[in-house]
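Here the structure comes first, spelled out in structure tokens, and everything after it is commentary.
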Amino acid sequence: MPGTEGLVMMAEREAILAAHPDGQRRFYRLKGGAYSNCNLFWIRDPHAFEAIETFRYGGQFAKRKRDAVRALGLTTILLYFSGLVTLDGLFRHVSRRFGVPIRAVVAKDGRLAIDVDNERTHRVAEEILARER
């Protein structure tokens, strides 16, 4: 993507739940859809790293709202919680905040957004793998 210094891969709620109904419990609810982070990133420029880090730990924002405001800015948070910002709009705001253009890439495969970091998600991953053998 020309002019882009970093990419964050996201997946739509429907694709994730199609992969497995317990695949993910938290989503960024935005105007036009709900998404989850796939924890897959591409960084062209080291300056994009800080902006990308926002999404790497973004799932923690539900628990720590002050961290979300500090990372994303009050305007972006207000737009997010009011449901007035699209995925592209969210990334435009984050790009402005960090001074580096980053974008979202939406994966069609919802399995990419399923983290395996606890017993529930380990079971989910095992079920997906068993189904595909």
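Going by our numbering, the sequence shown opens with residue 1153, and the numbers climb by one from there. Note that CB positions come from ideal geometry on N, CA and C, so glycine has one too. What you are looking at is a predicted structure, and each value in this text was computed from that prediction instead of being measured.
Grouping DSSP H, G and I as helix and E and B as strand, with all else coil, what is residue i?
i     : result
E1278 : helix
I1254 : strand
S1247 : helix
I1229 : helix
I1266 : coil
F1193 : strand
Q1159 : Residue identity differs from the one stated: residue 1159 is Leu in this sequence, not Gln. Looking at L1159 - three-state DSSP - the assignment turns out to be strand.
Hey, out of the options, whose CA is closest to residue i's CA?
i     : options                       : result
A1256 : F1193, K1183, E1205 and A1223 : F1193
R1275 : G1185, H1172, T1206 and L1264 : H1172
P1198 : L1159, K1217, D1174 and A1167 : L1159
A1223 : K1260, V1268 and F1201        : F1201
M1162 : E1271, A1220, A1277 and I1254 : I1254
Y1187 : D1269, A1259 and E1271        : A1259
L1155 : R1181, S1234, F1233 and R1244 : Reading the sequence as shown, one finds Gly at residue 1155 and not Leu. Of the candidates R1181, S1234, F1233 and R1244, the one whose C-alpha sits nearest the C-alpha of G1155 is R1244.
Can you tell me the Cα-Cα spacing of residue i and residue j, whole angstroms?
i     : j     : result
V1246 : E1157 : 13 Å
A1203 : A1282 : 37 Å
I1280 : N1191 : 19 Å
R1248 : K1183 : 19 Å
I1195 : T1206 : 13 Å
E1271 : R1177 : 14 Å
Provide the residue span of the beta strand (DSSP E) that contains residue i, from first to last.
i     : result
E1166 : Careful: E1166 lies outside any beta strand (DSSP E), inside the alpha helix (DSSP H) at R1165 to A1171.
R1181 : Y1180 to L1182
Is residue i near the ligand FAD - that is, is its Cβ less than 7 Å away from at least one heavy atom of it?
i     : result
L1169 : As for the ligand FAD, it is missing from this structure, which has no ligand bound.
Quick test of your reading: residue i and residue j, contact by CB under 8 Å. State the CB separation rounded to the nearest angstrom.
i     : j     : result
G1251 : A1167 : Between A1167 and G1251 the Cβ distance is about 32 Å, and since that is not below 8 Å, they are no contact.
N1189 : A1265 : 7 Å
First and last residue of the alpha helix (DSSP H) that includes residue i?
i     : result
L1224 : K1217 to L1224
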